[in-house]
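*Asks:*
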Amino acid sequence: MNPLRRIGAGLLDLCQQIGSIATFALISIGRGLAGPWYPAQILRQMIDIGYYSLPVVGLTAIFTGMVLALQSYTGFARFEAESAVATIVVVSLTRELGPVLAGLMVAGRVGAAMAAELGTMRVTEQIDALTTLSTDPHRYLIFPRLLGGTLMLPLLVLVADIIGVFGGFVVGTTKLGFSPYTYIDQTLQYLETQDVVVGLVKAAVFGFIVTLMGCWNGYQSRGGAQGVGAATTRAVVTASIMILVFDYILTEIFFSR
Amino acid sequence: MTEAPAKIAIRGLHKSFGSKHVLRGVDLDVPAGSSVVVIGGSGTGKSVLLKCILGILQADAGSIRVDGSEVVGASGSDLEGIRHKFGMLFQGGALFDSLPVWENVSFGVRARQKIGRDEARRIAVENLEKVGLATDVADLMPAELSGGMQKRVGLARAVALQPEILFFDEPTTGLDPIMADVINNLIRSLTRAMGATALSITHDMASVRKIADYVAMLYEGRVIWYGRVEDLDRSGNDFVDQFIHGRAEGPITVGTR
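Put into structure tokens, the structure is as follows:
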């Protein structure tokens, strides 16, 4: 095939996919908001996404905070600016690493599970069965997941921020010779509300991306076990890439402020 | 074509998936209160036909009228209203595997009206009795049931809504001959008792002779023969003869797809 033609076909395919994902999201949100609501489903998703992701996100956060403290100390000692360590740890965590790492971990844990569950429901005709039982799959299955992800990821990130700062605190006070008082004082002194808010906005967007990719790929899956497996992989890969892309876009939007 | 007025009237129905033209102008009448069985080889579009009537798949061209209301192109509350008339038994049962049996059976009823858990459970047990299942099955999970029991629970779920029209997608596939006969008898007795119109698809000839009033043969996306089940053996149609006797030689050639 003509190479130019191949590029064009790929590009058209990509545009079509983006369009169909956007339509899918709009339909789910529109119908979900219009009701009827399924509080039990929403609660189940919130617990699944928020509560059960705490251990993995917490572990990621504490080690990230600890590594950040060590690494920034190594770097800043060269400028005799060791006192900046606490500030660097808290600002990097709240603005950047908290939301991104939590988003990636949740993509692996929750996005994959959603794609597998919905994919299995699709290939075993459970989604069609919902339709025949007067229940809109977008309202019953998709909207609670999107809502759960968008609401819970900011809360997860808030907890991750605190745990991460604690990780930095432990390393700072035990290995780097900070006094507990100075470390906490320097953590809070230069921290602005803005830093935390930016991180939480990012988290909400990432939560939406992860659940949307999980739902869409699962919902569209075809062809038995293999199709479900492929959907699961795609859900995690696309969500991870989109998290990194949107991370840059959001950072640039908030950069000037 | 038939005496009773048509409950479902299909005219010139077309449906393609990409370049695959599955339905190529299907004409079919399902007379009210009778049982029509669509036969045809695997991949001839039997399931697609059912899903088009339910509005799960959007037909490309043609008309499907249910009690005079057009399904093709209908959306929102119109489609929802038409779907209220249907109950469907899916091929694999399509039970919701996250819910116990009784919640599966009463799912549709609870989606349409607000009832308490006790009332829902009572309805579920009542419908399980109709398909010959004991009360203690109600608390099992679908994964704990055998294939035949899953089919029966699926049947109970389909009839729980007291639909005017029942669809059966290969009701006996994957069952042993005795269980298949049990299911056939249930289908016959339940639809008669409810006065429902039934549309089934199958390639099990024993099932056809047991549950059909009328038979339609689907081949290459069209209905090539339609008549009473009594006339099936003297249809004078070579395609039908080959199919009902299960011969490899004849006008129907099984290509390598």
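These protein sequences, in sequence, are chains A and B.
Each residue of the first sequence is one higher than the one before, starting from 1 at the first, in the numbering used here.
Each residue of the second sequence is one higher than the one before, starting from 1001 at the first, in the numbering used here.
The beta carbon of each residue, even a glycine, is placed where N, CA and C say it ideally should be.
#1: Here's a check: name, in chain order, each residue in its chain whose Cβ is nearer than 7 Å to the Cβ of Val70(A), leaving out the five neighbours to either side.
#2: Let me check understanding here. Comparing Cα to Cα, which of Asp1238(B), Arg1209(B), Met1194(B) lies closest to Glu1230(B)?
#3: Helix, strand or coil: how does DSSP classify Lys175(A) here?
#4: Taking only the alpha-carbon atoms, compute the straight-line gap between Val1030(B) and Gly1012(B) and give it to the nearest angstrom.
#5: Under a three-way DSSP split, which group does Arg78(A) fall into?
#6: Throw me the rounded Cβ distance for the Tyr1214(B) and Phe1239(B) pair, which I believe falls under 8 Å.
#7: What are the residues in the stretch 1061-1092 of chain B lying within 8 Å of chain A by C-beta distance?
#8: Could you tell me which uninterrupted alpha helix (DSSP H) segments, each at least 4 residues in length, are contained entirely in the stretch 22-65 of chain A, listed from first to last along the chain?
#9: How many whole angstroms separate the CB atoms of Ile1165(B) and Lys1007(B), which I take to be in contact at a CB cut-off of 8 Å?
#10: Where does Tyr248(A) land, buried or exposed, given buried means 16+ other C-beta within 10 angstroms?
#11: Where in the stretch 1088-1151 of chain B do unbroken runs of the alpha helix (DSSP H), each at least 4 residues long, occur, reported from the N-terminal end onward?
#12: Span of the beta strand (DSSP E) holding Ser1016(B)?
#13: Count the other CB atoms within 10 Å of the CB of Gly1018(B); is the residue buried (16 or more) or exposed (fewer)?
#14: Between Arg1112(B) and chain A, is the shortest Cβ-Cβ distance under 7 Å, so that the two count as touching?
#15: Taking 7 Å as the CB-CB cut-off, is Met232(A) touching chain B?
#16: So, under 8 Å CB-CB, Tyr186(A) and Ala86(A) are touching, yes? Tell me the CB distance rounded to an integer number of Å.
#17: Mind pulling the chain B residues with CB within less than 7 Å of Ala129(A)?
#18: Does any CB atom of chain B fall closer than 7 Å to the CB of Leu133(A)?
#19: What is the DSSP secondary structure of Glu1080(B), counted as helix, strand or coil?
#20: On the premise that Val228(A) lies in contact with Ala61(A), defined as a C-beta separation below 8 Å, what is that separation, rounded to the nearest angstrom?
#21: Among Leu118(A), Val56(A), Leu191(A), Leu141(A), which has the Cα closest to the Cα of Asn217(A)?
#22: Taking 7 Å as the threshold (beta carbon to beta carbon), is Phe1107(B) in contact with chain C?
*Replies:* On the basis of the supplied data:
#1: Rather than Val, the amino acid found at residue 70(A) in this sequence is Leu. These residues qualify, in order along the chain: Val171.
#2: Arg1209(B)
#3: coil
#4: 15 Å
#5: coil
#6: Contact doesn't hold; Cβ gap of about 17 Å is too wide.
#7: Glu1080, Arg1083, His1084, Phe1086, Gly1087, Met1088, Phe1090, Gln1091, Gly1092
#8: 39-49
#9: 6 Å
#10: exposed
#11: 1101-1105, 1107-1112, 1117-1130
#12: 1006-1017
#13: exposed
#14: yes
#15: The sequence shown places Thr at residue 232(A), rather than the Met named in the question. It does not; no Cβ of chain B falls within 7 Å.
#16: The question names Tyr, but residue 186(A) is Gln in the sequence shown. Between Ala86(A) and Gln186(A) the Cβ distance is about 4 Å, and since that is below 8 Å, they are a contact.
#17: Phe1090, Ala1094
#18: yes
#19: helix
#20: Contact flag wrong, Cβ pair sits at about 31 Å.
#21: Leu118(A)
#22: No chain C appears in the structure shown, which is made up of the protein chains A and B.
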